[in-house]
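The next block holds one structure in the form of C-alpha cells; read it before the comments.
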Amino acid sequence: MQMSLPHFIRLTVVFAVIGLAVAGCGRKGDLDPPSANATKGGDISKPTKQPGTVDKPFILDPLL
C-alpha cells in the first residue's frame, strides 16, 4: 500500500492532535503535598477538605 505525502501528513497531524488532546486531560496545577494529619498516622482514608475548595460532582463518581 503506497501512501501519498499529503495523506501521510494529514494522518500525522490527526494523530498529533489526538495525542495532545489526551495529554491535556486531567487536573491543572502542581501536585499537593500530603497533609500534616496524614503524616502523623491519623485517619488517612479520608482526605481533609482544604478551605476554599468546592466539592463538585463528576460524571464518573458513581463508579468509584
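Counted the way our numbering counts, the sequence shown spans residues -8 to 55. Think of the CB as a built atom: it goes at the ideal place given N, C-alpha and C, for glycine as much as any other residue. Remember, it's a predicted structure, so these values are computed and weren't measured experimentally.
Taking the C-alpha atoms as reference points, what is the distance between Q(-7) and L54?
Between Q(-7) and L54, the C-alpha separation is close to 45 Å.
Report the three-state DSSP secondary structure of P48 (helix, strand or coil).
Note: P48 maps to coil in three-state DSSP.
Using three-state DSSP, classify L54 as helix, strand or coil.
Reduced to three states, the DSSP call for L54 is helix.
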